[in-house]
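Numbering (our numbering), first residue to last: 337 to 513.
Every residue gets a Cβ at the ideal spot worked out from N, C-alpha and C, and that includes glycine.
Worksheet: the structure to be examined is printed underneath.
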Amino acid sequence: RNKIKTKTFEIKVIDTEKAEIGYLEKYANCSVAQLHEKLAAVGYDNWTKYWYEENVKYGLANYQGSYYCMGFQFWCFIQAFGLDAAQKLLHQRFPINCQEIYDSFPSSQRSRNPQVGALVVFWNGSRFHHVELVVQVENSSYYTVGGNTSAHSAIANGGGVYGLKQYNTASSVSNGD
Numbered sequence: 337r338n339k340i341k342t343k344t345f346e347i348k349v350i351d352t353e354k355a356e357i358g359y360l361e362k363y364a365n366c367s368v369a370q371l372h373e374k375l376a377a378v379g380y381d382n383w384t385k386y387w388y389e390e391n392v393k394y395g396l397a398n399y400q401g402s403y404y405c406m407g408f409q410f411w412c413f414i415q416a417f418g419l420d421a422a423q424k425l426l427h428q429r430f431p432i433n434c435q436e437i438y439d440s441f442p443s444s445q446r447s448r449n450p451q452v453g454a455l456v457v458f459w460n461g462s463r464f465h466h467v468e469l470v471v472q473v474e475n476s477s478y479y480t481v482g483g484n485t486s487a488h489s490a491i492a493n494g495g496g497v498y499g500l501k502q503y504n505t506a507s508s509v510s511n512g513d
């Protein structure tokens, strides 16, 4: 029974994230309609529908213009499971910071082996600075979907939602991710 629940969980959040692939961040102060279109008002001001909806629909703080990799993950978890469940699953009321999301997970829930449905938090040598969701694992590689990133690597403030990016597990673990 737990395996069935886990599989359902993975499918819900992964399908939500994959549907967002191709969304590009917007320029500051664009219209609400433009925020919701994948390719409208493209800019590099970290304006997104994710921050907008978390503020307007769910009453959370307005972080429009801030890095949104964790905001994107949180939004996807809300869409898949609802606000209360997303907060419980992510161990925070409003996760916006990569270091805080890492710190909020009990050590018993952390792993050096990427698993489908898990968040991978990337280390830059001094702090955790970016987060993506593992959507596939094959041999020594894992594949992710992430917001505020680029197409090929974990680059914060990269401009959009990209997916099925490939990482080498051994390299990622040795880097501290």
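Measuring CA to CA, which of the options is closest to residue i?
i, options, result
"Val-471", "Phe-441, Tyr-503 and Tyr-386", "Tyr-503"
"Gly-453", "Tyr-478, Pro-431 and Gln-435", "Tyr-478"
"Ser-443", "Glu-390, His-427 and Lys-362", "His-427"
"Tyr-363", "Ala-355, Val-378, Lys-354 and Glu-373", "Val-378"
"Gly-499", "Gly-401, Ser-486, Val-509 and Ala-506", "Ser-486"
"Trp-411", "Thr-384, Thr-344 and Ser-476", "Thr-384"
"Lys-374", "Gly-495, Ile-437 and Leu-455", "Gly-495"
"Leu-425", "Ile-432, Phe-441 and Ser-462", "Phe-441"
"Met-406", "Val-392, Gly-358 and Ile-432", "Ile-432"
"Asp-513", "Gln-370, Tyr-438, Leu-360 and Asn-382", "Tyr-438"
"Leu-455", "Thr-344, Thr-480, Asn-484 and Tyr-386", "Thr-480"
"Arg-429", "Glu-468, Phe-458, Gly-395 and Ser-508", "Gly-395"
"Ile-414", "Tyr-386, Asn-449 and Tyr-403", "Tyr-386"
State the DSSP-derived secondary structure class of residue i, mapped to helix, strand or coil.
i, result
"Gln-312", "This structure does not reach residue 312, given that the chain is present from 337 up to 513, and the question cannot be answered."
"Gly-483", "strand"
"Ala-374", "First, the residue type needs correcting, since residue 374 is Lys and not Ala in the sequence shown. Coil."
"Gly-407", "helix"
"Tyr-335", "Since the first residue shown for the chain is 337 and the last is 513, residue 335 is missing from the structure and cannot be characterised."
"Glu-346", "helix"
"Asn-504", "strand"
"Ala-369", "helix"
"Lys-362", "strand"
"Tyr-478", "strand"
Classify residue i as buried or exposed, calling it buried when 16 or more other Cβ atoms lie within 10 Å of its own Cβ.
i, result
"Ala-506", "exposed"
"Ile-516", "For residue 516 there is no data in the structure shown, the boundaries of the chain being 337 and 513."
"Gln-423", "buried"
"His-465", "buried"
"Gln-400", "buried"
"Val-368", "exposed"
"Gly-482", "buried"
"Val-349", "buried"
"Asn-475", "exposed"
"Ala-397", "exposed"
"Gln-409", "buried"
Let me check you understand the geometry: is the CB of residue i closer than 7 Å to at least one non-hydrogen atom of the ligand GDP?
i, result
"Asp-420", "Ligands in the displayed structure: none, and consequently the ligand GDP is not present."
Runs of beta strand (DSSP E) lying entirely within the region 411-464, each at least 3 residues, in chain order
Segments of the beta strand (DSSP E) lying fully in the region 411-464: 455-459.
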